[in-house]
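**Student:** In the UniProt record's numbering, the protein residues as written are 2 to 478.
Sharing a structure here in structure tokens format.
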Ligand code: FAD
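Structure below.
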């Protein structure tokens with residue numbers, strides 16, 4: 002007998018509870034992916050995510066084929082495609098791993114109710130989180146809004162768990178099932194458009210094997226010294242697992258187990274704790290989005306409801322997007338994002354602070370651009386990252402903490418390696434002129450004629466204006 006295994010953002014064969022449940026019940030699993038981006042509206046995957054997804058589906062199909070199975074790809078309404086597949090395979094069960102975004106929860110609930118009434122076994126599983134949102138609550142039975150107590154609650158639950166390896170062989174699903182090719186889903190940039198994603202793939206290998214390689218490399222390398230080094234954007238100092246975690250190409254349980262199973266020297270233990278707490282932020286973001294689903298578009302902190310965001314000047318927004326603001330660390334970050342689909346966390350905070358505080362644009366403008374351009378674009382993490390930086394979120398940075406892009410560059414890119422890499426027209430400037438080149442007009446004109454003469458906004462004046470707006474009557478509690 003058959004069981005459908007509906008793959009969504011759990012694109013892996015190891016530690017995949019939905020697949021495992023089908024196998025444990027003695028079914029022949031029929032691995033299915035249904036392309037239905039409208040069902041995630043208004044948060045259908047952005048362009049960079051789609052480019053990643055295409056490759057990840059190809060990798061999953063190849064991994065399944067190597068074991069005797071294959072991925073059946075359909076497009077259209079999920080419920081009707083599932084109903085067709087149930088009829089075609091006479092499947093007795095349907096298994097999937099849970100998602101936590103509001104639109105997906107609503108769809109999945111509808112599908113579960115629709116199919117269960119017909120006597121089919123329909124089961125969902127947890128593949129994506131260490132602690133699902135409804136299992137964590139304060140002493141008063143409420144959701145958490147502050148990270149530290151949230152993490153105090155969740156951290157003791159982590160331990161080395163058995164992480165099932167990918168099955169060595171899988172039985173084949175029926176041969177005659179209609180299946181599209183991942184290339185037929187319109188995921189890659191169309192042929193008549195620039196191949197903006199071309200440069201990505203020197204940096205990334207979508208799929209389970211790519212994720213496993215990065216995890217190993219991290220444990221051998223960057224884990225040592227992570228706590229300190231993770232702040233320096235020019236170094237390989239973080240895991241870069243974020244897109245793999247987003248698409249479920251590795252499970253957070255597998256990451257935690259691999260980390261905790263090692264016998265770390267005492268000096269590395271603080272690094273390990275810090276890394277686990279970053280996974281904790283991922284959990285916390287999902288906790289917030291689940292319990293406060295309106296926050297994907299509205300401020301978590303209602304104090305900001307009537308806040309005076311500046312009307313976005315399209316030219317300023319465009320300068321920010323393209324990395325042409327005249328502020329080197331901001332431009333370097335935005336160009337790293339454009340070239341690789343990823344940006345270092347410290348620089349994400351700097352560019353987000355610049356947009357929301359110095360340019361005083363609503364954080365949604367930034368979140369939208371990140372949504373389209375990040376390969377790790379994740380509704381929970383992106384929402385939380387933007388609201389935290391804007392000061393409108395949970396546990397937010399106090400409004401008066403406005404990142405100075407000059408001080409950040411001096412501290413975390415002191416030799417200018419990051420800026421020179423992504424803003425090559427500044428490469429000839431001496432280190433001392435790199436963080437605030439407008440203060441060295443002669444050098445700038447002579448050595449970097451292609452770079453903006455001055456920032457699109459005066460840093461000091463815009464900082465004062467932001468402070469005034471953030472502490473003004475419209476944000477008072
Ligand atoms: P590591 O330092 O190796 O951390 C390991 C994992 O922990 C990451 O892969 C990620 O899953 C998780 N993590 C780390 N930091 C955070 C954090 N601050 N919040 C939530 N989870 C975290 N992360 C996304 O995955 N998707 C997004 O769309 C996203 N948007 C962001 C927007 C802004 C404005 C900011 C400030 C941060 C955003 N982040 C987002 C969080 C963070 O920048 C990335 O997760 C991190 O840079 C990924 O690199 P890494 O895998 O090497 O991280």
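For glycine and all other residues, C-beta sits at the position ideal for the given N, C-alpha and C.
Because the structure is a prediction, the values reported are computed rather than measured.
Which runs of the alpha helix (DSSP H) fall wholly inside the UniProt domain "Photolyase/cryptochrome alpha/beta" (2 to 131) and span at least 4 residues, in chain order?
**Tutor:** Runs of the alpha helix (DSSP H) inside the UniProt domain "Photolyase/cryptochrome alpha/beta" (2 to 131): 18 to 25, 48 to 66, 79 to 90 and 103 to 117.
**Student:** How about residue 257 and residue 280: do their beta carbons lie closer than 8 angstroms?
**Tutor:** Here residue 257 is taken as the residue at index 256 of the chain shown, counted from 1. Here residue 280 is taken as the residue at index 279 of the chain shown, counted from 1. In this structure, residue 280 lies closer than 8 angstroms to residue 257 by Cβ.
**Student:** Does the beta carbon of residue 151 fall short of 7 angstroms from some heavy atom of the ligand FAD?
**Tutor:** Locating residue 151 in the chain shown gives position 150, where the first residue counts as 1. No, Cβ of residue 151 sits at least 7 angstroms from all heavy atoms of the ligand FAD.
**Student:** Taking the alpha helix (DSSP H) that residue 385 belongs to, which residues open and close that run?
**Tutor:** Position 384 of the chain shown, counted from the first residue, corresponds to residue 385. Element bounds for residue 385: 380 to 391.
**Student:** The ligand FAD and residue 247: does the residue's C-beta get closer than 7 angstroms to at least one heavy atom of that ligand?
**Tutor:** Here residue 247 corresponds to residue number 246 of the chain shown, with the count starting at 1. Yes.
**Student:** Would you tell me roughly how many angstroms separate the C-alpha atoms of residue 71 and residue 180, rounded to the nearest one?
**Tutor:** Working through the chain shown from its first residue, we reach residue 71 at position 70. Working through the chain shown from its first residue, we reach residue 180 at position 179. If I take the Cα positions, the gap works out to 10 angstroms.
**Student:** Closest by CA to residue 46, which one among 337, 372, 155 and 457?
**Tutor:** On the chain shown, position 45 is the one that residue 46 refers to. Here the closest residue by C-alpha is 372.
**Student:** Taking three-plus beta-carbon pairs below 8 angstroms as touching, is the region 266 to 284 in contact with the region 183 to 195?
**Tutor:** Cβ pair count under 8 angstroms is below three, so no.
**Student:** Flag residue 378 as yes when its Cβ comes closer than 7 angstroms to any non-hydrogen atom of the ligand FAD, and as no otherwise.
**Tutor:** Translated into positions along the chain shown, residue 378 becomes position 377. Yes, since a heavy atom of the ligand FAD falls inside the 7 angstroms radius drawn around the Cβ of residue 378.
**Student:** Report yes or no: do the region 91 to 101 and the region 62 to 71 share at least 3 C-beta pairs separated by less than 8 angstroms?
**Tutor:** Flag = no, the region 91 to 101 and the region 62 to 71 do not touch.
**Student:** Out of 395, 393 and 368, state which residue places its alpha-carbon closest to the alpha-carbon of residue 383.
**Tutor:** Counting from one through the chain shown, the residue named residue 383 turns up at place 382. The candidate whose alpha carbon is nearest that of residue 383 is 368.
**Student:** Pick helix, strand or coil for residue 134, following the three-state DSSP scheme.
**Tutor:** Counted from its first residue, the chain shown places residue 134 at position 133. Three-state result, residue 134: helix.
**Student:** Is residue 201 near the ligand FAD, going by C-beta to nearest heavy atom under 7 angstroms?
**Tutor:** The residue you call residue 201 lines up with position 200 of the chain shown. Outside the cutoff, so no.
**Student:** Tell me the rounded alpha-carbon separation between residue 469 and residue 36.
**Tutor:** Reading the chain shown from its first residue, position 468 is the one you call residue 469. Reading the chain shown from its first residue, position 35 is the one you call residue 36. Their Cα atoms are separated by approximately 47 angstroms.
**Student:** Curious, which full-length alpha helix (DSSP H) runs of at least 4 residues does the region 131 to 205 contain?
**Tutor:** Qualifying alpha helix (DSSP H) stretches, in chain order: 148 to 155.
**Student:** If you count every other CB in all the chains shown that lies within 10 Å of the CB of residue 433, and 16 or more means buried, which is it?
**Tutor:** Position 432 of the chain shown, counting from 1, holds the residue named residue 433. Looking at its Cβ environment, which holds fewer than 16 other Cβ atoms inside 10 Å, residue 433 is exposed.
**Student:** Between the alpha carbons of residue 165 and residue 13, how many angstroms are there, rounded?
**Tutor:** Translated into the one-based positions of the chain shown, residue 165 becomes position 164. Translated into the one-based positions of the chain shown, residue 13 becomes position 12. Distance between the alpha carbons of residue 165 and residue 13: 11 angstroms.
**Student:** Pop quiz: residue 377 and residue 343 are said to be a contact at Cβ under 8 angstroms. What is the actual Cβ separation, rounded to whole angstroms?
**Tutor:** In the chain shown, the residue the question calls residue 377 occupies position 376. In the chain shown, the residue the question calls residue 343 occupies position 342. Their Cβ separation, rounded to whole angstroms, is 6 angstroms, which keeps residue 377 and residue 343 in contact under 8 angstroms.
**Student:** With C-beta atoms as the reference, is residue 123 less than 8 angstroms away from residue 116?
**Tutor:** As a position in the chain shown, residue 123 is number 122, starting the count at 1. As a position in the chain shown, residue 116 is number 115, starting the count at 1. Taking 8 angstroms as the Cβ cut-off, residue 123 and residue 116 qualify as a contacting pair.
**Student:** Can you give me the C-alpha to C-alpha distance between residue 15 and residue 67, rounded to a whole angstrom?
**Tutor:** As a working note, residue 15 is residue 14 in the chain shown. As a working note, residue 67 is residue 66 in the chain shown. Residue 15 and residue 67: Cα-Cα distance of roughly 14 angstroms.
**Student:** Please classify residue 478: is it buried, with 16 or more other beta-carbons within 10 angstroms of its beta-carbon, or exposed?
**Tutor:** For the purposes of this step, residue 478 is identified with residue 477 of the chain shown, where counting begins at 1. Residue confidence for residue 478 is low, a pLDDT of 47 falling below 50, so the modelled location carries little weight; the figure read from the coordinates is stated next. Exposed, since its Cβ has fewer than 16 Cβ neighbours within 10 Å.
**Student:** Using the three-state DSSP reduction, which class does residue 265 fall into: helix, strand or coil?
**Tutor:** Looking up residue 265 in the chain shown gives position 264. Residue 265: coil per DSSP, three-state reduction.
**Student:** Which first and last residues belong to the alpha helix (DSSP H) in which residue 291 is found?
**Tutor:** Mapped onto the chain shown, residue 291 falls at position 290. Segment 270 to 292, the alpha helix (DSSP H) holding residue 291.
**Student:** Please indicate yes or no: does the CB of residue 224 lie closer than 7 angstroms to some heavy atom of the ligand FAD?
**Tutor:** Taking the chain shown and counting its residues from 1, one reaches residue 224 at position 223. The answer is no for residue 224.
**Student:** Whose C-beta lies closer than 7 angstroms to the C-beta of residue 365 among residues of the same chain, with five residues either side of it excluded?
**Tutor:** Here residue 365 corresponds to residue number 364 of the chain shown, with the count starting at 1. So the qualifying residues of the chain are 298.
**Student:** Using only the alpha-carbon positions, how far apart do residue 459 and residue 42 sit?
**Tutor:** The residue given as residue 459 occupies position 458 in the chain shown. The residue given as residue 42 occupies position 41 in the chain shown. Rounded to whole angstroms, residue 459 to residue 42 spans 38 angstroms at the Cα level.
**Student:** Counting along the chain, where does the alpha helix (DSSP H) carrying residue 211 start and finish?
**Tutor:** In the chain shown, counting from the first residue as 1, residue 211 sits at position 210. Where residue 211 is concerned, the enclosing alpha helix (DSSP H) stretches over 209 to 221.
**Student:** Is the separation between the beta-carbon of residue 380 and that of residue 44 shorter than 8 angstroms?
**Tutor:** Counting from 1 along the chain shown, the entry for residue 380 is found at position 379. Counting from 1 along the chain shown, the entry for residue 44 is found at position 43. Against a cut-off of 8 angstroms, the Cβ pair of residue 44 and residue 380 comes out as a contact.
**Student:** Among 430, 441, 353 and 145, which has the Cα closest to the Cα of residue 404?
**Tutor:** Here residue 404 is taken as the residue at index 403 of the chain shown, counted from 1. Answer by Cα proximity: 353.
**Student:** If you drop the 5 nearest sequence neighbours on each side, which residues of the same chain put their C-beta closer than 8 angstroms to that of residue 199?
**Tutor:** Numbered from its first residue, the chain shown carries residue 199 at position 198. Excluding residues within five positions, none has a Cβ falling inside 8 angstroms.
**Student:** Where residue 1 and residue 326 are concerned, what is the direct C-alpha to C-alpha distance, given to the nearest angstrom?
**Tutor:** Any property of residue 1 remains undetermined from this structure, which presents the chain solely from 2 to 478.
**Student:** DSSP three-state call for residue 465: helix, strand or coil?
**Tutor:** Here residue 465 refers to the residue found at position 464 of the chain shown. In the structure shown, residue 465 sits in a helix (DSSP, three-state: H, G or I).
**Student:** Following a CB-centred definition, is residue 99 positioned closer than 7 angstroms to any heavy atom of the ligand FAD?
**Tutor:** Counting from one through the chain shown, the residue named residue 99 turns up at place 98. No, the Cβ of residue 99 stays beyond 7 angstroms of every heavy atom of the ligand FAD.
**Student:** Does residue 288 pass the burial test, meaning 16 or more other C-beta atoms within 10 Å, or should it be called exposed?
**Tutor:** In the chain shown, residue 288 corresponds to position 287, counting from 1. Buried is the call here.
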